[in-house]
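So for the sequence shown, the working numbering puts the first residue at 11; every next one is plus one.
Each residue gets a CB set at the ideal place from its N, CA and C atoms; glycine is no exception.
Since the model is a prediction, treat every value here as computed from it, not as a measurement.
Here is the structure we will look at, set down as C-alpha cells.
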Amino acid sequence: QKRMATNESKVAIVTGANSGIGLEVTKLLASSGFIVVMACRSLDRANQAVAAMQNETTSLKSSGSFVLMQLDLSDYDSVRKFVSEFLAKFSRLDVLINNAGYAEEFSRQQRNLNSKGHEMTIATNHLGHFLLTKLLLQTLKDTASRHGAARVLIVSSDYHTYTFRVKPLDFDDLFMEKPGAYSGSQAYKNSKAMNILHCRKLARMLEGTGVYVNALHPGFIPTTGFFRGCMRCFFICCFSGFCCCCRITRTPQEAAGHMFNIAAGVPPYEDKSGLYFYDGRSKPTSAETSLLANEDLLWEWSEAVTS
C-alpha cells in the first residue's frame, strides 16, 4: 500500500478522539488543516463522531481530514498493529496527543487486568501510550528533521498530586499486587504520575531533536474521564456544582483550546518541552514526579513489561 502524500498536510494522532476533549481537539486540528488520525477503541463510535462533526460545520470538509484507526491501548499487540498500519499509510507525524484514559470506580478494591495480567488503569493510561510513543519516536524525529518540529502532548491530571487515601509510587509494586495496595483511586493517581514522569524522560531524551514533549492537566471535566468512571452520581452532582461556582471545572472546548495551542506549537509554546500545563500556564508537579531517578526507573520498568 502506497503511503499517503503528506508533504503539504501535517499529520496528527489523537488517542481517544471520539468523545470529550479528544473529539474537541480533533475538530481544532482538522479545522487548521491537519490530517487527524482518530485512534479509538470503538470504530463505530468514532464513525458516529465524524458524521456529527461533518454535519456540524462545513469548515471541516474543506480543510483537514479524518482517518479512523482502531487502537486498544490496554492491548500491546493492538498498539503494535496500529503503528504498523499507520507507518504503511503516512510518512510523517507532526503531533501525537496521548489523550485516551481509563478509570475504575475509586472505591474499587479488586484489580481489573488486561490480557497480559497487567492492572488495567496502568496498562491503558501509561503502558499503552508508552509503547505507542516509543514505536513512533523515529517518525517524530524524522518529521522534526524534515519539517522543523514535532510535538507530543500527554494528558495527565492534577490528581497525581493528591495524598488523601493514596500513597506514593512503589517501584517494587507498580501493578499494586501486594495485599491492600490496590484501589481504583490509587491506580488512577499512579497512572497520572507516570504520565508526567514519561513526559519528562522523553523531553530529556529528545532534547535537540526538534521533538517537544509536554504534559497537561485539562481541568476537571464533569462529562468525561475522571468524573464518568470514578464518582458516584450524587457526588458528581454535588462536586460539579461546587466546582462550577469556584471555576475548578472546565468544558471540553476550553480544555481542547489549551491542548491545541500546546500541541500545535502556537506561540509562546513553540520551544517549550518537559513542562506540565494547566490553563495554558506551566505549573509545578508532585515531588515524586520531579525526581530524575524515578523517570529512569519507570522507563526501564515500562520497557520490560511491554517487550
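- Put simply, the backbone Cα of L179 is about 44 angstroms away from that of E18.
- Within the region 169–233, complete alpha helix (DSSP H) segments of at least 4 residues are found at 194–215, given in chain order.
- Nearest to S125 by alpha-carbon distance, out of K202, S42, Y86, F287, is Y86.
- Around the Cβ of R121, a 10 Å sphere holds 16 or more other Cβ atoms; the residue is buried.
- Taken atom to atom, the span from the alpha-carbon of W309 to that of F92 is near 22 angstroms.
- Per DSSP, reduced to three states, the secondary structure at E129 is strand.
- When the five nearest sequence neighbours on each side are left out, the beta carbons in the same chain lying within less than 7 angstroms of the beta carbon of L123 are those of E129, M130, in order along the chain.
- L78 is bridged by DSSP to M48.
- By the Cβ neighbour-count rule, D82 is buried, with 16 or more other Cβ atoms within 10 Å of its own.
- T25 is not a Cβ neighbour of H208, given a cutoff of 9 angstroms.
- Looking at the backbone, the Cα of D183 and that of M269 are separated by about 32 angstroms.
- With 16 or more other Cβ atoms inside 10 Å of its own Cβ, P228 counts as buried.
- Straight through space, the alpha carbons of A27 and A49 are spaced by roughly 6 angstroms.
- A27 carries a coil assignment under DSSP once its states are collapsed to helix, strand and coil.
- Checking the DSSP bridge columns, you'll see S166 has no partner listed.
- Counting only runs of 4+ residues, the alpha helix (DSSP H) found wholly inside the region 259–310 occupies 262–273, in chain order.
- L216 sits away from S166, with the two beta carbons spaced by 9 angstroms or more.
- Assignment of N65 by DSSP, reduced to helix, strand and coil, places it in the helix class.
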